[in-house]
Structure formats: structure tokens, C-alpha cells
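Residue numbers (the working numbering): 18 to 476. C-beta: ideal position from N, C-alpha, C; glycine also.
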Ligand SMILES: Cc1ncc(COP(=O)(O)O)c(C=O)c1O
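And the structure:
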């Protein structure tokens, strides 16, 4: 397949988005009315017409996360090579439930994951799978950790245990764990929120205290989650200290590096993740800082046998396991039928090369520093500390909801607000687009500084 025609289309879309509105002002009745009027499905329509109408809906009616001035929630702009990967996946539709149904796809994924596992410092016999995203990877981690800690869990369930299992994560960790505790039968109250220090990283003393209290009360601590790049503020928990603690206490250490994990390939940022190599399991999303389209998480696990036990399945209707060093994704992950998730990352890595990726990531980290400095120079107060490009900021008397409504109405940028450690809302801007330039950063800071100065003068 020659990619030239597609590349022209990709560039045209990127350019239209960069020069258009970022935030839609549409209402549910407007969209529903359009769909009800044009799509009764009673008669066939020309595909070109439908595609053109769908494109028009997507252009007008979404927050454009691929816009250069989208400073949002880890949704990246996508590289062209990764888009080609998704197209090929859809056209060939390989089935990745078993190795036998698509040896090519399985080996491409294994090769790609092996490259990243080595960067993360995991041993050669670690196992990794692509997932739908970070939430599924985190779910996998909890299931495997339970399976390792409590051999009876798989057959007889939590009711077979002699106490209530408990897991630990900082109050700033991702809230997928709350849902996971619900889904796995642990119950949401099994999740302990550990206090954070001034820099929003986990307080190891509070962790030790809570684990001890739970043990004394007859509960069963089994897992600690460290976050490498919290969603709100990009904080990186003390991973090396966590690894020591978990080893001494025989607890499973999972590192949720859904966004920040990509920093491992950057010589400049890698030291901030020191200790991740000791994790029992790691979440790292390709569809965040690796800039590929949605639906691409990764789960890495040091304990191959426990993972195989956790996701074991026996049926006569599935093809038999292929002999040798192969594994079937349906018996080593949450999903059964699975799409070729890994191709978009493989194609992008092969095309841009490791150096190309390092450049993309370090450039965005540098732009984060530019953003921090420009905001400070303009009189804003920066309220988080991280080497990653998430900047949380505020100024006296700021009403974040009102500020954001004005920002969206002016179509200047997309950013959000957040409460750090339960405090008052502050603004959150994350450089997460390969398309963002220094000029974009400066233009946004100029705009918001002028506007909010005017607003405070008026008040
Ligand atoms: C730290 C962290 N973990 C997990 C997730 C969930 O990932 P996903 O949305 O890919 O399921 C996110 C999402 O932003 C995240 O920031």
C-alpha cells in the first residue's frame, strides 16, 4: 500500500484542525436531530456522502485533542505512521486470540513489547500484552497480584480468604482502581488512600503505618500501586523506596506509568523513573505519550506463571496452543478476541525510530518548562513540581470554572481544572501534542494573562 495519498489527507485534516475551533458548542438535541433526520437507515446512501457528513460532524462536534493548543488530559496528537497502522489493522482484521490465528501480528506485538520491557529494565522472561488502555492494564495487575498472593482466589474467590485483602495507593492515584476494586469483588473500601507529601508524591511513612494497622486488624495487605506521572499533576511516587518497602513486606508493587512511562526512553527523563525496574507489574499506555490513536494500553508483568494462571482458559473450540515459545493472548490477558492493537506502535517506532521518539518526548518536556517559566513571568503561581510537562497553576481570586468558560468561548486553547490533594481548584495544562510549538505556548500564556489581568482589574 502506497501511503502518499493518505499522507496528503492526513496533512489536510491536521491543518484544518489547527486552524479551526478547538471546543464545540453543540447541544445534544442538535446532534440527535441531525442523526434522526439523515440516518433512518431505510435506504442505502453513497459512502462518499456519508463519510463527508461524518467528517463534518467530527470537525464541528468534538474537542479537538489533536489541536496544537490542546493542553489536556493525556490525549495526544497522533503520528501519521500510527494512523496507517490502525488502517491496516482494520483492513486485515487479524484475530489475536491465539498465536496460530495470526503468527505475524503476535510476533510483531511480542517484538515491540520486548523492546519496551528491556527499556523498563524488566528481565528477559517478563511477559507483556497490549490492552485496550490503562484501566484494563491496571485491572490485569490487580487480578494477577490477587492470584499470586492468594492461591485460593482463582478457584474459590475472595470468600475463601481468612481476612479482607487491602491495596494501597496515594490519594493522587488514578481512579480506575476504585472501579477495579468494585469489579474484582474486593470492594471499594479495600483501597487505602495514602497521604501525599508537599510535592504530591506518596508518603512512605503513612504507607508503612497503614499497612501495619491493617495487619494488626487481621486484614490482608497484598498490593501497593505507585504512580509514575499522576493524572492531575504528573507527580512521580518514590519508586525505589516503594520497591524496597514492597520487597520487605512481601507486597506486589504495581507501577501505573500510563502516561509517564514513555519517559523511560528519554536519557534526560529516565532517572526520574528509577526503581520502576523492580516492579512486579507496570501499566504504560501507547495511546498517551507514545502518540498513537486510542485503544492501545500495555501491561508488563514479571511473573509469567502467575499471569498464565490468572487468565487460564480451557476449551475445545479454540485452536490448540502452538508448541514452543509462544503464548496465546486469550489465555494470558483479560480479552478473548482481540484486535491487532500493537501495530500502530510498531509502525510508528519503525518509521520514526527510537531517536525520533526521544526527540518528540523531550521536546514536549522542554515545552512544559517553557510553559512553567512563561506563566511565572506573567505572574501566575505554579503549584505542582514535576519534571514532566503537566503544569498546575493559579492566581489570587481565580474562579477556574469562569476562566475556562471564557477560554473555551475565545477558542484559544483547551485545558482543565483540578483539585490537588483535595484543595481549591487550580488550572491544569499538559503539553501532550507533538504539534504544540513554543509559539502556541506563548500565545496561550499571553492571552490568559491579559484576560485574567483585565478580569481582576474589573473586580
Ligand atoms: C495515571 C493513569 N492511569 C490510568 C489511566 C487510565 O488509562 P485509560 O484511559 O487508557 O484506560 C489514566 C488515564 O488518564 C492515567 O492518567
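Short of 6 Å in beta carbon distance, which residues of its chain neighbour residue 442, apart from the five on each side in sequence? Order them along the chain.
Stepping through the chain shown from its first residue, residue 442 is reached at position 425. Cβ within range, chain order: 417, 434 and 436.
Please report the straight-line C-alpha distance between residue 410 and residue 432, rounded to a whole angstrom.
On the chain shown, position 393 is the one that residue 410 refers to. On the chain shown, position 415 is the one that residue 432 refers to. Put simply, the backbone Cα of residue 410 is about 11 Å away from that of residue 432.
Am I right that residue 316 and residue 115 are in contact with their C-beta atoms under 8 Å? What's the rounded C-beta distance?
Taking the chain shown and counting its residues from 1, one reaches residue 316 at position 299. Taking the chain shown and counting its residues from 1, one reaches residue 115 at position 98. Their Cβ separation, rounded to whole angstroms, is 18 Å, which puts residue 316 and residue 115 out of contact at 8 Å.
Classify residue 332 as helix, strand or coil using the three-state DSSP reduction.
Walking along the chain shown from the start, residue 332 turns up at place 315. The three-state reading of DSSP puts residue 332 in coil, since its state is none of H, G, I, E or B.
Identity of the residue in 445, 429 and 81 nearest residue 456 by Cα:
Position 439 of the chain shown holds residue 456. A check of alpha carbon separations from residue 456 across 445, 429 and 81 identifies 429 as the nearest.
Does any heavy atom of ligand 1 sit closer than 8 Å to the C-beta of residue 91?
Here residue 91 refers to the residue found at position 74 of the chain shown. For ligand 1, at least one heavy atom lies less than 8 Å from the Cβ of residue 91.
Of the choices 468, 294, 218 and 227, whose alpha-carbon is the least far from that of residue 278?
The count along the chain shown starts at 1 and reaches residue 278 at position 261. Between residue 278 and the set 468, 294, 218 and 227, the nearest pair of CA atoms involves 294.
CA nearest to the CA of residue 188, picked from 216, 163, 169 and 165:
Translated into the one-based positions of the chain shown, residue 188 becomes position 171. The option with the nearest alpha carbon to residue 188 is 216.
For residue 296, verify whether its CB is less than 8 Å away from any heavy atom of ligand 1.
Here residue 296 refers to the residue found at position 279 of the chain shown. In this structure, residue 296 has its beta carbon at no less than 8 Å from each heavy atom of ligand 1.
Cβ neighbours of residue 251 in the same chain (closer than 6 Å, five flanking residues each side left out):
In the chain shown, the residue the question calls residue 251 occupies position 234. Answer for residue 251: 403, 405 and 407, listed in chain order.
Check residue 385 in the structure and name its three-state DSSP category.
In the chain shown, the residue the question calls residue 385 occupies position 368. Looking at residue 385 - three-state DSSP - the assignment turns out to be helix.
Look at the alpha carbon of residue 257 and the alpha carbon of residue 245, and state the distance between them as a whole number of angstroms.
Along the chain shown, one-based indexing puts residue 257 at 240. Along the chain shown, one-based indexing puts residue 245 at 228. About 12 Å.
Taking the beta carbon of residue 333 as the centre, do at least 16 other beta carbons fall within 10 Å, making it buried, or is it exposed?
Residue 333 sits at position 316 when you count from the first residue of the chain shown. Classification of residue 333: exposed, given that the 10 Å Cβ count is below 16.
Using CA atoms only, rank isn't needed, just tell me which of 450, 396, 444 and 422 is closest to residue 467.
As a position in the chain shown, residue 467 is number 450, starting the count at 1. That would be 396, whose Cα lies nearest to the Cα of residue 467.
Could you name the residues of the same chain whose beta carbon sits closer than 7 Å to that of residue 126, not counting the 5 residues immediately before and after it, in chain order?
Here the question's residue 126 lines up with position 109 in the chain shown. These residues qualify, in order along the chain: 147 and 359.
Assuming the contact rule is C-beta atoms closer than 8 Å, residue 45 and residue 78 should be a hit. Round their C-beta distance to whole Å, please.
Here residue 45 corresponds to residue number 28 of the chain shown, with the count starting at 1. Here residue 78 corresponds to residue number 61 of the chain shown, with the count starting at 1. So it is not a contact: roughly 10 Å between Cβ atoms.
Nearest to residue 151 by CA position, among 169, 193, 121 and 130, is which residue?
As a first step, residue 151 is located in the chain shown; it is residue number 134 there, counting from the start. Sorting 169, 193, 121 and 130 by C-alpha distance to the C-alpha of residue 151 places 193 at the top.
Would you tell me roughly how many angstroms separate the C-alpha atoms of residue 103 and residue 310, rounded to the nearest one?
Locating residue 103 in the chain shown gives position 86, counting from the first residue. Locating residue 310 in the chain shown gives position 293, counting from the first residue. Going by the C-alpha atoms only, they are around 8 Å apart.
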